[in-house]
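First the structure, in the form of structure tokens, and then the observations on it.
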Amino acid sequence: MTMILPHIERLSGYAQGEQPPEGTNAIRLNLNESSYPPSPEVIKALKSIPEETLRRYPDAKCDKLRSALAKHYGVREEQTFCSNGSSEIISLLMKVFIGPRGQIAIPDPSFPLYHSAAASYQVECIGIPTLDDFSIDVEHLIDSSAQAVVLVNPNAPTGLLLSMENVERLVRDFKGLIILDEAYIDFASGEASAISLIDRYPNLLVIRTFSKAYALCGARIGYCFGNEKLIAALEKGKDIYNVDSISRELALAALNDQSYMQATTDAIKRTRNHFSEQLTRQGFTVVPSHTNFILCKPPAALGYPTASELYEILMAQNIYVRYYQQRRLREYLRITIGTDAEMDAVLLAMSQILGQ
């Protein structure tokens, strides 16, 4: 007799991709981690945490960080929720708002964690194909009969940004819950965030993270903004003490050093633009990116390696990028933007592999 629920036993789980062995000097460009260290203020905060912080339970509602986030983004604390990474929020969405036999609609391709989280809660994921250039089909998302629409903006793994006009049209015209994942929004240009819309649209939930622009992947801090009723429901559904005291202090220190965050994201954008230009000169097709990664298609000339082959060749050279086997993506590689030195090494490797 099995003790595992049938739908869990059928799960394949979230595929993270190949990882370099511990201790190797690999160029790791497959997880969209920051190429820069966290703010020096974060390191100071880490070194100054008193021992009492370790032996006391953390604040169950993470009020200190919620208050700081609310002030920074111009919303109310009651509209703010903190979590153990944005991945916790993604799971809570299925648990709190959708439930077994419910449905969510999501562009295809998009962030695969939504699919695995949905399957864990017996929620059906309806993929709405993106257009030929990977742009979002807003009309078909609006017309979906699902309980919720998920929009990762900028999208992952394509890097494309949906305009604020189209985001608001989606939020306004779709009658269910809109889950807007802005994990990469700090790498976009201009005022691209939809946080300002939450007062006008009670069906909107905007998810953010400290993992990307703030370089705190290891601290696992996510947060979201929405109508007070949505936030209160998330508080009811979450685990107790879901944000640890150390991560909370690191997030506060990072949030309070906006000049450092802006400087590092600007540097990543400059490197991204230069790397994209150089890849294009090598014959790659590069999808315009508003993130800290690019999606690119190797040249299709006779004798050149396919994306799959190029992925394997690069990995043999200790350069790790991301390859997807699904139909819409199998001709592409996703490459995180690292330091200038790392990206120059990738360009040199590409040039040598292609015989240029």
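The C-terminal residue of the sequence shown carries number 357 in our numbering, and the numbering is unbroken.
Idealized CB from N, CA, C, for every residue including glycine.
Computed from a prediction, not measured in an experiment: that's the story for all the values here.
In the structure shown, V288 adopts extended strand secondary structure according to DSSP, grouped into three states.
At the C-beta level, R335 and E229 stay beyond 9 Å of one another. Y224: member of the beta strand (DSSP E) spanning 223 to 227, first to last residue.
S35 is positioned such that its CB atom lies closer than 9 Å to that of T265.
When the beta-carbon positions are compared, L66 and L253 come within less than 9 Å of each other. By the CB criterion at 9 Å, A157 and I180 fall outside the cutoff.
Within the region 120 to 160, the complete beta strand (DSSP E) segments at least 3 residues long are 125 to 130, 149 to 153, listed from N- to C-terminus. Cα atoms of M262 and M4: separation of roughly 47 Å, rounded to the nearest angstrom. Close CB contacts of T292 within its chain, under the 6 Å cut and outside five residues either way in sequence, are with P155, G160, Y185, F188 (chain order).
DSSP places K270 in the helix class (H, G or I) of the three-state scheme. Pairing L32 with C297 gives a Cβ-Cβ distance that is not under 9 Å. Per DSSP, the continuous beta strand (DSSP E) segment holding I179 begins and ends at 178 to 182. Using a C-beta cut-off of 8 Å, the region 224 to 239 makes contact with the region 84 to 96, since at least three inter-stretch Cβ pairs fall below that distance.
Pairing E332 with A308 gives a Cβ-Cβ distance under 9 Å. Scanning the region 51 to 129 for uninterrupted alpha helix (DSSP H) segments of 4 residues or longer gives 52 to 56, 64 to 74, 86 to 94, 114 to 121, listed from N- to C-terminal end.
With at least 16 other beta carbons inside 10 angstroms of its own, Q80 counts as buried.
D240 is positioned such that its CB atom lies closer than 9 Å to that of N85. Between the region 271 to 279 and the region 127 to 136, the count of C-beta pairs closer than 8 Å stays below three; the two stretches do not touch.
Contact holds between the region 98 to 111 and the region 121 to 130, because three or more Cβ pairs, one in each stretch, are under 8 Å apart. Considering only Q353, G227, D267, the residue with the shortest C-alpha distance to L280 is Q353. Restricting attention to alpha helix (DSSP H) runs no shorter than 4 residues, the region 290 to 317 encloses them at 308 to 317, ordered along the chain. Sixteen is the threshold: when 16 or more other Cβ atoms of the shown chains lie within 10 Å of the Cβ of S212, as they do, the residue is buried. Taking 9 Å as the cut-off, the beta carbon of A46 is found closer than this to the beta carbon of L251. For R335, there is no enclosing alpha helix (DSSP H); the residue is part of the beta strand (DSSP E) that begins and ends at 334 to 337. C-alpha of H73 to C-alpha of M95: approximately 28 Å in a straight line. If the five residues before and after V322 are omitted, its C-beta is found closer than 7 Å to the C-beta atoms of L30, N31, Y312, L315, L334, R335, I336, all from its own chain and listed in chain order. Counting only the Cα atoms, S290 lies some 22 Å from A350.
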